[in-house]
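Numbering (the numbering used here), first residue to last: 503 to 874.
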């Protein structure tokens, strides 16, 4: 008799209540066939599935970006409908307990969780679950109901299963994007290496390709210099000896400045953080090492418009032509018209030295002897 009572008790306990287990299996199967991460409507399909199988009035997906909760997807969604606001207390509780499920069976009676009372919401019950990843919580899933609910285990299992599945898909998508960015960076690096080297093969100085990349990066910076000294000369290298002399002359330029080797023996020097007076001295030294060749100098002023190197090209070419036309080629400067001239070699005026007052030695007097 006792065995029969036990059998009836466990038969009632394990009997399918309205096919809840079948609905759970069917829901998960539907989610697996919803299109996967390649489906652009995957998230909205997942929320639609939750609303359908939980008989919820609304389901939402709240993204956590920089500690701010924002509803990104929801179902049902009407045309031109604004996103429903995220419930801050619900989100805060799930962030503090990411491994638990938020359960509010009857909001009229009061949530059984501390800090959730007194909420003016158009719903009577709610379920919530966090989308956990290795680096924390990325999003939150909520289901809201118009009437108080007595949630079954199948409903809890469905919410957790959908949240876990969405979390894994989003994690995979993040990894894919990281891999795509890495592939793009590697492709750009390989393209630059295969397209043309950024160094001159004879002197190992940066070439025009390097100058182009450097110029774009410099002009894009908010901390670019207000003006740069630019000099140009032509010094063809006809052998290893000439190439070595050019390399030695380029080493005399201060660190942080740029010496670029172009085609046809063109040599371009750009001083980024060097005053004109010091740049003038360094250029004179370079001309001496290169054989007193013609050299033109000007100022490159990017300005707020971020003007490129071509903006100073006419002045630079004019200065170089003037240097070539001289009987003894020298260092010729052509400054912008609105640029005040600056002494190229400035020496500070000597400070006046106060006279040194020397006191005369004391007058000699004989010693006075006293009798003992």
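We put the beta carbon where it would ideally sit given N, CA and C, even for glycine.
Remember, it's a predicted structure, so these values are computed and weren't measured experimentally.
Looking at residue i: is its Cβ nearer than 7 Å to the Cβ of residue j?
i	j	result
residue 822	residue 734	yes
residue 586	residue 632	no
residue 737	residue 769	yes
residue 781	residue 731	yes
residue 723	residue 803	no
residue 796	residue 765	no
residue 548	residue 664	yes
residue 648	residue 591	no
residue 884	residue 550	Not covered by the structure: residue 884. The range shown for the chain is 503 to 874.
residue 779	residue 798	no
residue 882	residue 564	The displayed coordinates of the chain run from 503 to 874. Any statement about residue 882 would go beyond what the structure contains.
residue 604	residue 638	no
residue 556	residue 657	yes
Can you tell me which residues form a DSSP beta bridge with residue i?
i	result
residue 708	701
residue 674	Partner(s): none; residue 674 has no beta bridge.
residue 566	571
residue 735	769 and 797
residue 502	Missing from the structure shown is residue 502; the chain here goes from 503 to 874 and no further.
residue 635	638
residue 647	627
residue 803	Answer is none; residue 803 lacks a bridge partner.
residue 730	802
Return the first residue and the last residue of the beta strand (DSSP E) that residue i is part of.
i	result
residue 834	833-836
residue 558	Residue 558 -> no beta strand (DSSP E), and no H or E assigned at all.
residue 747	Careful: residue 747 lies outside any beta strand (DSSP E), inside the alpha helix (DSSP H) at 742-753.
residue 583	Here residue 583 belongs to no beta strand (DSSP E), and DSSP marks it neither H nor E.
residue 604	604-606
residue 760	760-763
Let's see if you can read the secondary structure: which residues bound the alpha helix (DSSP H) around residue i?
i	result
residue 783	778-792
residue 817	815-827
residue 597	590-598
Pull up the CB-CB distance for residue i and residue j, whole angstroms please, since I reckon it's below 8 Å.
i	j	result
residue 640	residue 706	With a Cβ gap of about 48 Å, residue 640 and residue 706 do not count as contacting.
residue 593	residue 545	That belief does not hold up - the Cβ atoms of residue 593 and residue 545 are roughly 18 Å apart, past 8 Å.
residue 628	residue 646	5 Å
residue 761	residue 710	Their Cβ separation, rounded to whole angstroms, is 12 Å, which puts residue 761 and residue 710 out of contact at 8 Å.
residue 877	residue 810	Here the chain covers residues 503 to 874 and nothing more, so residue 877 does not appear.
residue 747	residue 784	Going by Cβ atoms, the distance from residue 747 to residue 784 rounds to 16 Å, so no, they are not a contact pair.
residue 754	residue 787	6 Å
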